[in-house]
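**Student:** Here it is: the structure, laid out below.
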Amino acid sequence: MRPRDFLDILHTAERLKDTLRHCTTSERRQESVAEHSWRAALMAFMLKSEFPELDMDRVISMCLIHDLGECFTGDIPTFDKTSADRVKEDELLAEWVDMLPGELSKEMSRLYFEMEAQQTEESKLFKALDKLEALIQHNESPIDTWSENEYELNKTYAFDTVAFSDWLTGLRQEILKDTLEKIEDEKKNG
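All letters in the sequence shown, in the order written, are residues 432 to 621 by our numbering.
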C-alpha cells in the first residue's frame, strides 16, 4: 500500500471521531462511533482467555471496522434505522471498500461478509460485543439522557444475540442487574 493511500483511508476513518451516537458518556458528552468501536475491540481483547478456541484477532478486527459505513451516513440508532438506511450505508461502504488497495479490500470484504452472515463463532461474538457495549454505555450514562423506549429496550436487548454462550449470557444478566438498579434508583431519587 502506498503511503498516500494509507493516509487517505485514515482520513476517511477519522470521520468516526466526529460521528456522534445516540448515547452519552457518564459525563454527559455524546459518544462518538469511534469510541464505541474502540471499546468493543477492547472487550474482545480482554476476552481472549474466555474464548481460547476463537480467532480473537479476527473478532477485534470486526469490532474495529464494523461501523465504518457510518463515515458516510452518520449513526442512526438501531430502533430508528430502516431497511432503506441499511441499504444506503451498505452500498456506500461497499463502494469505498472496493476502492481500497487489493488485499485490504479483499480482507475487509471477507470480514463484512462474515459479520453479515453470522455463521461463525467469531462473528457471533463480535455481534454480541457490539450490542453489549451499547448497553453498558447506556448504563453508564445519566438516566435522564435515555429516550423513553430505552427503559424497556435495555431490559430485553441482545439476550438472543448472546444465547450461544453461557459466559456472555451471564454478562448480559449482570448488565440487566445494572439497568434495573439504575431504573430503581431513578424512581427513589427522581
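For every residue, glycine included, the Cβ atom is placed at its ideal position computed from N, Cα and C.
From what residue to what residue does the alpha helix (DSSP H) around PHE540 run?
**Tutor:** It should be pointed out that residue 540 corresponds to Ser in this sequence rather than to Phe. 533-548 is the span of the alpha helix (DSSP H), which, as asked, contains SER540.
**Student:** Within a Cβ cutoff of 7 Å, which residues of the same chain sit near LYS555, ignoring the five residues on either side of it in sequence?
**Tutor:** Around LYS555: GLN549, PHE595.
**Student:** Beta strand (DSSP E) containing GLU462: first to last residue?
**Tutor:** 461-463 is the span of the beta strand (DSSP E), which, as asked, contains GLU462.
**Student:** Return the residue from the list GLU526, ASP597, GLY533, LYS519 that minimises the CA-CA distance to GLU481.
**Tutor:** Out of GLU526, ASP597, GLY533, LYS519, ASP597 has the C-alpha closest to the C-alpha of GLU481.
**Student:** Using CA coordinates, which residue listed in VAL518, THR587, ASP516, THR592 is at the minimum distance from LYS608?
**Tutor:** The shortest C-alpha separation from LYS608 is found at THR587.
**Student:** Looking at the unbroken alpha helix (DSSP H) that takes in HIS442, where does it start and where does it end?
**Tutor:** Here the alpha helix (DSSP H) through HIS442 covers 434-444.
**Student:** Below 8 Å CB to CB, which residues in the same chain sit around MET546 once its five sequence neighbours on both sides are set aside?
**Tutor:** Hits under 8 Å: MET493, HIS497, SER554, PHE557, LYS558.
**Student:** Our contact map puts PRO508 next to HIS453 with C-beta atoms below 8 Å; I'd like the distance itself, whole angstroms only.
**Tutor:** 4 Å between Cβ atoms; contact.
**Student:** Suppose the cutoff is 7 Å on Cβ atoms and the five residues either side in sequence are ignored; what does the same chain contact list for LYS448 look like?
**Tutor:** Cβ within range, chain order: SER463, ALA465.
**Student:** Which same chain residues, not among the five before or five after GLU520, have their C-beta less than 6 Å away from its C-beta?
**Tutor:** Here the set comprises GLY500, THR504.
**Student:** Considering only residues of the same chain and omitting the five flanking positions on each side of LEU599, which have a CB-CB separation below 7 Å?
**Tutor:** Excluding positions up to five away in sequence, the list reads ALA559, VAL593.
**Student:** Does the Cβ of LEU602 have 16 or more other Cβ atoms within 10 Å, making it buried, or fewer, making it exposed?
**Tutor:** Looking at its Cβ environment, which holds 16 or more other Cβ atoms inside 10 Å, LEU602 is buried.
**Student:** Please state whether the Cβ-Cβ distance between ARG460 and GLU564 is less than 7 Å.
**Tutor:** Going by C-beta atoms, ARG460 is not nearer than 7 Å to GLU564.
**Student:** Starting from LEU451, follow the beta strand (DSSP E) in both directions and report where the run begins and ends.
**Tutor:** Run containing LEU451: 451-455, per the beta strand (DSSP E) assignment.
**Student:** Just the Cα atoms here: how many angstroms apart are GLU538 and ASP529?
**Tutor:** Straight-line Cα distance between these residues: approximately 11 Å.
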